[in-house]
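Using the numbering used here, read the sequence shown as starting at 8 and increasing by one per residue.
In this text, a Cβ means the ideal position worked out from N, Cα and C, and glycines have one as well.
Below: one structure, written as structure tokens.
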Amino acid sequence: MALAREDSSPLFAGTAAGTLRLILYLALTMVLMVLDHRNGWMWRMRYATSVIVEPVYRLAGLPAAGMRTLSVAFADRKLLTEQNQRLREDLLLANAKLNRMAAVAEQNERLKELLATQHSLELNVQLARVIGVDLGGSPHRLMLSLGARDGVTQGQAVIDAHGLMGQVIEVLPTTSVVMLVTDPNHAVPVVVERTGLRTVAYGSRDGGMLSLPNVPMAADVRAGDKLLTSGLGGRFPPGFPVGEVRSIGQSPSGLFLEAHARPAADLDRSEYVLLLHDQPEPAGPPAPVAAMGPPADMAPSPADAATPAQTPAAAGKPTPAPAASAPAVQP
Numbered sequence: 008m009a010l011a012r013e014d015s016s017p018l019f020a021g022t023a024a025g026t027l028r029l030i031l032y033l034a035l036t037m038v039l040m041v042l043d044h045r046n047g048w049m050w051r052m053r054y055a056t057s058v059i060v061e062p063v064y065r066l067a068g069l070p071a072a073g074m075r076t077l078s079v080a081f082a083d084r085k086l087l088t089e090q091n092q093r094l095r096e097d098l099l100l101a102n103a104k105l106n107r108m109a110a111v112a113e114q115n116e117r118l119k120e121l122l123a124t125q126h127s128l129e130l131n132v133q134l135a136r137v138i139g140v141d142l143g144g145s146p147h148r149l150m151l152s153l154g155a156r157d158g159v160t161q162g163q164a165v166i167d168a169h170g171l172m173g174q175v176i177e178v179l180p181t182t183s184v185v186m187l188v189t190d191p192n193h194a195v196p197v198v199v200e201r202t203g204l205r206t207v208a209y210g211s212r213d214g215g216m217l218s219l220p221n222v223p224m225a226a227d228v229r230a231g232d233k234l235l236t237s238g239l240g241g242r243f244p245p246g247f248p249v250g251e252v253r254s255i256g257q258s259p260s261g262l263f264l265e266a267h268a269r270p271a272a273d274l275d276r277s278e279y280v281l282l283l284h285d286q287p288e289p290a291g292p293p294a295p296v297a298a299m300g301p302p303a304d305m306a307p308s309p310a311d312a313a314t315p316a317q318t319p320a321a322a323g324k325p326t327p328a329p330a331a332s333a334p335a336v337q338p
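Structure representation (structure tokens):
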């Protein structure tokens, strides 16, 4: 069954009651406007009402604000991540360039030291670069970038800015092999700079050290003494630093003192080395002396040389008489 629809009367109906209601509302409005203009009641009411309404506005705007904050946070995080990645790449590139510049500066400094050594000693040298360790696997042998095509010969001394490194033992067409002074098979005649004592320094099997096993018991050798090449044998020119004595003690045999020295050259860090040229040939035994005879004006004539010389013993004996000839038979 359908319910009857109740018609609601409008607020300001065209009746006397509606007109009276409109006049009443207009009068109330005028009163409120006058009071608000003079005393500010409405402003005070709005101010008090805003305290209650503002949290409602904030609560209603939380989802939108949260979404906006999250989007900004994700966008900022992505931007910061990209910027951080670019900064990291720039930092790594700058560090690589800085390290490269430091390596180049150090390399230039070492080249300056080598050139200063060449100019100060007025040596005929050839610059070579260390390209690696010998393929044989010995840590005491290096490969150089110069070979027979560059004029390298076997036996050439190799130095750096600080001292003797070794000698060339094998020459290939474009490379060469250097035996360092620390190789157990290497020996170099040395002299103690302070006392002038001559001895031989050998490579040590205990590492990158030199061994001097044949130092006399009465020799004055101390820790800190400088070792120089003596020039004996002619293989190494005299006066090049070889090492510095670190310790000295009695040899296992008890007949000599044995000293250990640290090499003067930077065997592990030198990238460029110098090959010595025009070095003297190794000194060998003296040449035989030519046979010396009498002067040319005292030489015997050919006739005298044909007559046999008379000995003193033969001069004291009487000469036998010639045998008598038989008389001729007359016919």
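- One Cα belongs to A164, the other to R242, and the distance between them is close to 7 Å.
- Assignment of beta strand (DSSP E) within the segment 16 to 63, counting only whole runs of 3 or more residues, yields no such run.
- Around A109, the same chain offers no residue with a beta carbon nearer than 7 Å, after the five sequence neighbours per side are excluded.
- Straight-line measurement puts the Cα of L98 at about 12 Å from the Cα of Q90.
- Beta-bridge partners of G139 (DSSP): M150.
- Inter-segment contact for the segment 222 to 235 and the segment 251 to 270 is present: three or more beta-carbon pairs are separated by less than 8 Å.
- Taking every protein chain shown into account, the CB of S211 has 16 or more other CB atoms within 10 angstroms, so this residue is buried.
- Closest in C-alpha terms to F263, from the list L274, S218, P62 and S237, comes S218.
- For P191, same chain residues with a beta-carbon under 6 Å away, outside a window of 5 residues either side, are G210 and R212 in chain order.
- For R95, the secondary structure class from DSSP, reduced to helix, strand or coil, is helix.
- Each of H284, L282, E278 and L283 was checked against the Cα of N115, and the nearest Cα belongs to E278.
- Counting along the chain, N221 sits inside the beta strand (DSSP E) bounded by residues L217 to V222.
- I166 counts as buried, since at least 16 other C-beta atoms from the protein chains shown sit within 10 angstroms of its C-beta.
- Going by C-alpha positions, N221 is about 13 Å away from V195.
- Per DSSP, M74 has no beta-bridge partner at all.
- The alpha-carbon separation between V199 and A268 amounts to approximately 11 Å.
- In this model, P70 and R51 are separated by some 31 Å (Cα to Cα).
- Spatial neighbours of L130 in its own chain (CB-CB distance under 7 Å, excluding positions within 5 residues in sequence) are listed in chain order as L283.
- Going by DSSP, V188 is part of no beta strand (DSSP E) at all; its letter is neither H nor E.
- Here H147 has L187, T189 and D190 as same chain residues with Cβ atoms under 6 Å from its own Cβ, once five neighbours each way along the sequence are excluded.
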